[in-house]
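In case it helps, the numbering used here puts the sequence shown at residues 540 to 725. One structure is given below, encoded as structure tokens.
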Amino acid sequence: MTDTIDLSGDAGVLKAVLRRAKDDAVGPTEDLPVVDVHYEGVLAETGEVFDTTHEDNTIFSFEIGKGSVIKAWDIAVRTMKVGEIAKITCKPAYAYGSAGSPPDIPPEATLIFEVELLACRPRKGLSAGGAADERTRLEELRKQREMASATKEEEKKKREEAKAAAAARIQAKMEAKKGKGKGKAK
């Protein structure tokens with residue numbers, strides 16, 4: 540049989556590879572965060588199928604790491620490669636917890652999914668290279684903002700020093716005038 544991997548470190552998300560992907564297959568990345576999957580979900584306790592894309596051959600798509608799916612899926616699908624089929628066992632804390640998802644999923648249900656990763660693609664509106672370019676552009680903008688902020692801080696400090704120096708000169712002149720005035724009165 541296949542080895543089971545504890546992806547969460549607490550046996551909350553277990554993955555067993557049922558069909559390996561080809562060696563050169565890609566998996567989800569920052570440049571390819573949107574995934575397309577086929578799946579079938581069953582209740583571990585009863586074996587009852589509660590959801591599947593196989594009946595109508597639909598494809599389910601989501602973006603990894605955005606919280607749009609149960610936590611177990613964000614953890615497990617991130618480790619898959621296109622073409623891979625895996626059995627993912629999800630304890631309640633990584634699925635629907637104490638609330639469940641009525642009417643199909645009862646509270647505190649352990650779920651078992653068979654998931655096939657069909658594709659990984661860039662976020663809508665970005666090509667894979669475009670995602671990297673966008674990240675580079677955003678990093679450059681962040682650096683520019685930091686430099687502008689540092690320059691503003693330096694200019695503010697210089698203005699404050701100039702104000703303090705001007706105030707000190709004015710104070711010195713006023714003291715000098717007071718000193719001269721006292722000397723004449725004697």
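Heads up, the beta-carbon is just placed ideally off N, CA and C, and yes, glycines get one too.
- The alpha helix (DSSP H) runs of length 4 or more contained entirely in the segment 568 to 654 are, from start to end of the chain, 610 to 616.
- Beyond the five residues adjoining it in sequence on each side, ILE624 comes within less than 6 Å, by CB distance, of LEU557, ARG558 and GLU655 in the same chain, given in chain order.
- When the beta-carbon positions are compared, VAL573 and GLU594 stay at least 7 Å from each other.
- Distance from the Cα of THR628 is smallest, within the candidate group THR568, ASP575, LYS610 and MET713, for LYS610.
- Going by C-alpha positions, GLY639 is about 15 Å away from THR585.
- Closest by C-alpha distance to HIS577, out of ARG708, ASP545, GLY622 and THR543, is GLY622.
- Rounded to whole angstroms, THR543 and LYS605 show a C-alpha spacing of 26 Å.
- Of all alpha-carbon atoms in VAL588, ARG708, LYS620 and ARG698, the one lying nearest the alpha-carbon of ASP562 is that of LYS620.
- In the three-state DSSP reduction, LYS554 falls in the strand class (E or B).
- Spanning the alpha carbons of ALA703 and GLU694 requires a straight line of approximately 14 Å.
- With fewer than 16 other Cβ atoms from the protein chains shown falling within 10 Å of its own Cβ, ILE598 counts as exposed.
- GLY566 has its alpha-carbon roughly 52 Å from the corresponding atom of LYS697.
- For ASP545, the enclosing beta strand (DSSP E) stretches over residues 543 to 545.
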